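For the protein sequence lines, the chains are A and B, in the order given. Residue numbers for the first sequence follow this note's numbering, beginning at 2 and rising by one. Residue numbers for the second sequence follow this note's numbering, beginning at 28 and rising by one. Below you'll find the structure, written out as structure tokens, and then a few comments.
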Amino acid sequence: MSRTPRILALTAAAAIVAALPVTASAQAARDFVNVVGSSTVYPFTTTVAEKFGRQGRFKTPKVESTGTGGGIKLFCNGVGPQHPDVVNASRRMNASEFDSCRKNGVRDIIEVRVGYDGLTLSESKRGPVMNLTRKQVYLALAKQVPDPANPTTLIPNPYTMWNQIDKSLPATKIEVLGPPPTSGTRDSFNELYMEAGCRTFPWLNTLRGQDEKRFKRLCHTLREDGAFVEAGENDNLIVQKIEANRNAVGIFGFSFLEENMDKLRGSKIDGVEPTYETISSGKYPASRPLFIYVKKAHIGVIPGLQEFVNEYVSDRALGEEGYLTDRGLVPQPKSDLARTRADVKSLKNFAP
Amino acid sequence: MNSTSNGVPRTAAETQVRVRAGLARRYRAERRFRAYGLAAVALGISFVVFLFGTVLSQGLSVLRQGYVQLDIIYDPEVIDPAGTRLPDDLAVADYQALVRAALRERFPDVEGRPALRELYGLVSSAASVELQKRVTADPGLIGQRQRVTLLADDTVDMLLKGKVSRSAPEDERRLSDAQVAWVDALRADGALQLRFNRAFFTNGDSRDPEQAGVRGAVVGSFLTLLITLLLSFPIGVGAAVYLEEFAPRNRITDIIEVNINNLAAVPSIVFGLLGLAMFISFFGMPRSAPLVGGLVLTLLTLPTVIIASRAALKAVPPSIREAALGMGASRWQTVVHHVLPLAMPGVLTGAIIGMARALGESAPLLMIGMVAFIVEVPAGALDPSTVLPVQVFLWSDLPERGFVERTSGAIIVLLLFLIVMNATAVVLRNKFEKRW
Chain A
2 MSRTPRILAL TAAAAIVAAL PVTASAQAAR DFVNVVGSST VYPFTTTVAE
52 KFGRQGRFKT PKVESTGTGG GIKLFCNGVG PQHPDVVNAS RRMNASEFDS
102 CRKNGVRDII EVRVGYDGLT LSESKRGPVM NLTRKQVYLA LAKQVPDPAN
152 PTTLIPNPYT MWNQIDKSLP ATKIEVLGPP PTSGTRDSFN ELYMEAGCRT
202 FPWLNTLRGQ DEKRFKRLCH TLREDGAFVE AGENDNLIVQ KIEANRNAVG
252 IFGFSFLEEN MDKLRGSKID GVEPTYETIS SGKYPASRPL FIYVKKAHIG
302 VIPGLQEFVN EYVSDRALGE EGYLTDRGLV PQPKSDLART RADVKSLKNF
352 AP
Chain B
28 MNSTSNGVPR TAAETQVRVR AGLARRYRAE RRFRAYGLAA VALGISFVVF
78 LFGTVLSQGL SVLRQGYVQL DIIYDPEVID PAGTRLPDDL AVADYQALVR
128 AALRERFPDV EGRPALRELY GLVSSAASVE LQKRVTADPG LIGQRQRVTL
178 LADDTVDMLL KGKVSRSAPE DERRLSDAQV AWVDALRADG ALQLRFNRAF
228 FTNGDSRDPE QAGVRGAVVG SFLTLLITLL LSFPIGVGAA VYLEEFAPRN
278 RITDIIEVNI NNLAAVPSIV FGLLGLAMFI SFFGMPRSAP LVGGLVLTLL
328 TLPTVIIASR AALKAVPPSI REAALGMGAS RWQTVVHHVL PLAMPGVLTG
378 AIIGMARALG ESAPLLMIGM VAFIVEVPAG ALDPSTVLPV QVFLWSDLPE
428 RGFVERTSGA IIVLLLFLIV MNATAVVLRN KFEKRW
């Protein structure tokens, strides 16, 4: 019976022993590259990281999926092995983020544009063909839309069927599944579709210059009456839901459409179908650039950082037949890629 | 009782009549209530069956994996042109070239770069690692010919498992018509088979579904839970013993008790934030380490362990304490020799249930960097690592179709762990429980 306290004492002792070496080794230098940031860029950076690790010269970089905003915050926290070396971003770093970086001593940053992601609207193959304009998307999803009778006043969104917006659209219920406001994809959707659609109304376009806050509130607020469904951060879930519901339209990145071409079809936007070519050339209206940002102060300090970035922009990875293209990343045109490589080579400083 | 007032029955016969009249109604009420209970149980079970059904139907196929057998010629010109046979030279050779040569030999009439690219795509890029391992282990292989079993690409695997439709038009599936024909040719002569999927249990994470395994996450979960157990068990039991057996009952202990109960209900993400601020920012511990994960989960499970241990200590009858004290034992001896051993089954059950909760947590680990892509299996509590529920979360969000099955496979592994832990708790309780 008296074994119990001994077990307790033993576990306690073991716990203390286990905790001891912590503080000593935590400050030691890191021997692998640490990447944080966007979940949209995550599938691509992890691919590069794995291939890079396989070469055996350096350890496989660690890639955290924290979201663009959270990643930049971690990245900008300071210089030193306890801070990340690279941040994935599904949008450009903005001025205020850059300022906070500088304030914490992260002065020199290299911006690397890795490619494009097409933000697609997709529907089930079994459903009606959608040929949308961004104006129609805006009219279908905004909480308040201009009154058709009197376009300068706003009314609560009256449309329930696509063909009420335009006769050419199918007579099906408006049902769009998309990401929640916390997602970077939602920010891109607001910018690429909602704002673009909004600006087709002249008075709203002028409002943008005068009262940007009001413009954003009017254009970015999506309806809450069930026509737009927040389906969570998981894009595979949206894919499954629109597969099951033939009249629904889903919002997600091109790589998910590409992987599910047997079941889904990308809606034409302003007459352009989402393909590698149209997204890469910028013809597809809703494409967004993807970036990685590299901390210059860590180059030469963290083993493998320079080589990792070189691998990222190499032909094996980013070329037209590179392994990232196989993963659904839309490569940038050759001339742009050459400029990106030159920037990496010369360690050109980023300024927003 | 023959009371006479306000309609109360006077005789036994009258009472019986009244009781009979109400009896049917009372029976009906009971039957109805039972039916509600049964319906609730049935609904609960159907949810569980649905959950397990979906997970198992999607995930069991992960146990098998497409493997392709090829006649590999260990060409000295490719592996070691200089003829040094030094391990460093053998490590950097282009082993994928051997696979490409073997594929060309098997399908000699394939010509042109695009067609060859498609042909090479049938075999996983893991093949080169396998060949490198073989050559490094036995350099004598160089110059020989050997039939080697290699991992097939995930698209081939999906086709073999019927998860890619053959009838779909060519441009709508990941495999071209030519690739499907090659797959069928290889199947016909038995060179392409579904076999037991060892890689799933021995590999760490990977961006290629066919190479991705749960080992890294399982080891990460194990290390994290070990630290959680080592810390939360002694601290939790110590706190419970003190509060239950020694502490005076006053305002301060009341406040502590209320706080412990409150902490048990705090959302887990809050503990993650606390861990980030305290362990990583203040103490400077590394991100993504099982050690920090274990510390955060300790904070999370401590209230559960303390509450369960206190309940177990409370359930030991006071007569045992009084008897021990009466025989001249000190309070310390009473607790250590009698109360604690008798309470142990309950304490252990509480600890295991706390651990099971910790095993399923992913939200607090997001804040401390354990939601990460980590290929190498962690070797210690300071190596970057991830855990099972996080692995499920990460795989579920990847576009490749092969990861759907991996996700369910990882869920099955997680469920097995939980079932084993909970079963241990039940066995311990049944085996050591005493009734008074």
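Ideal Cβ positions, reconstructed from N, Cα and C, are used throughout, including at glycine. Computed from a predicted model, the values in this text were never measured in an experiment.
TODO: Look at the Cβ atom of B:V183, then the Cβ atom of B:V210, and state whether they are nearer than 8 Å.
DONE: yes
TODO: Would you verify that the beta carbon of B:V12 is, or is not, closer than 8 Å to some beta carbon of chain A?
DONE: Here chain B covers residues 28 to 463 and nothing more, so residue 12 of chain B does not appear.
Task: B:V76 versus B:V440: straight-line alpha-carbon distance, rounded - done: 17 Å
Task: Any chain A beta carbon closer than 8 Å to B:P192 - done: Before going further, note that residue 192 of chain B is Ser rather than Pro in the sequence given. Closer than 8 Å to some Cβ of chain A, the Cβ of B:S192 qualifies, so yes.
- [ ] Pull up the distance between the alpha-carbon of A:S101 and that of A:P82, whole angstroms please.
- [x] 19 Å
Task: Endpoints, beta strand (DSSP E) assigned at A:R266 - done: 265-267
- [ ] Let me know the secondary structure DSSP gives B:S389 once reduced to three states.
- [x] coil
- [ ] Determine contact between the stretch 342-353 of chain A and the stretch 298-316 of chain A, defined as no fewer than three beta-carbon pairs at a distance below 8 Å.
- [x] yes
- [ ] Taking 8 Å as the threshold, find out whether the stretch 231-239 of chain A comes into contact with the stretch 107-121 of chain A through three or more Cβ pairs.
- [x] no
Task: Beta bridge counterpart(s) of A:I111 as assigned by DSSP - done: A:V295
- [ ] Keeping to the same chain, check which residues put their C-beta closer than 6 Å to that of A:A27; ignore five residues upstream and five downstream.
- [x] Model confidence at A:A27 stands at a pLDDT of 42, short of 50, so the residue's coordinates are unreliable; what they give is reported in the following sentence. Correct list: empty, nothing qualifies.
TODO: Say whether chain B places a C-beta atom closer than 8 Å to the C-beta of A:A27.
DONE: With a pLDDT of 42 at A:A27, under the threshold of 50, the modelled position of that residue is not reliable, and the figure given next carries that caveat. By this cut-off, A:A27 is an interface position.
Task: Pick from A:P147, A:L208, A:K126, A:P129 that is closest to A:K136, judged by C-alpha positions - done: A:P147
Open item on the list: Below 7 Å on C-beta distance, what does B:I380 contact in chain A?
Closed with: The contacting residues do not exist; B:I380 stays about 18 Å from chain A at best.
Task: Unbroken beta strand (DSSP E) run spanning B:D98, endpoints - done: 91-100
Task: chain A contacts from the stretch 412-423 of chain B (Cβ-Cβ distance under 8 Å) - done: L421, S423
Open item on the list: According to DSSP, simplified to helix, strand and coil, what is A:V331?
Closed with: strand
- [ ] Give a yes or no on whether the minimum CB-CB distance between B:R200 and chain A is below 8 Å.
- [x] yes
- [ ] Spell out a yes or no on whether the stretch 245-263 of chain B and the stretch 402-421 of chain B are touching, meaning 3 or more CB-CB pairs, one atom from each, closer than 8 Å.
- [x] yes
- [ ] Return helix, strand or coil for A:S123, following the three-state DSSP convention.
- [x] strand
TODO: Report the rounded CA-to-CA distance for B:L290 versus B:G302, giving the unit in angstroms.
DONE: 15 Å
TODO: Provide the residue span of the beta strand (DSSP E) that contains A:I156, from first to last.
DONE: 155-157
Open item on the list: Can you pull the chain A neighbours of B:P426, defined as C-beta to C-beta under 7 Å?
Closed with: P44, S256, F257, E260, G329
TODO: Using a Cβ-Cβ cut-off of 8 Å, state whether A:N237 counts as contacting chain B.
DONE: yes
- [ ] With 8 Å as the threshold, decide whether the Cβ of A:S315 is near any Cβ in chain B.
- [x] no
Task: Beta-carbon neighbours of A:D263, restricted to chain B and to distances below 8 Å - done: V191, S192, A195, E199, R200
Open item on the list: For B:R348 and B:G381, what's the separation of their Cα atoms in angstroms?
Closed with: 28 Å
Open item on the list: For the alpha helix (DSSP H) containing A:K104, name the first residue and the last one.
Closed with: 96-104
- [ ] Helix, strand or coil for A:P44, going by three-state DSSP, please let me know.
- [x] helix
Open item on the list: Which of the three DSSP states is assigned to B:N289 in this structure?
Closed with: helix
Open item on the list: At the 8 Å Cβ level, is B:V237 part of the contact set with chain A, yes or no?
Closed with: Before going on, a small fix: residue 237 of chain B reads as Glu here, not Val. No, B:E237 does not count as interfacial toward chain A.
Open item on the list: Would B:R222 and B:R91 qualify as a contact pair, given that the criterion is a beta-carbon distance under 8 Å?
Closed with: yes
Open item on the list: If I follow the unbroken alpha helix (DSSP H) through A:T69, where does it start and stop?
Closed with: 69-76
TODO: Anything in chain C within Cβ reach of B:I401, meaning under 9 Å, just list it in chain order.
DONE: Here the protein chains are A and B, and chain C is not one of them.
- [ ] Going by DSSP, name the residue or residues bridged to B:Y147.
- [x] B:Y147 is not bridged to any residue.
- [ ] Would you kindly check if the distance between the Cβ of B:D180 and the Cβ of B:V150 is under 8 Å?
- [x] yes
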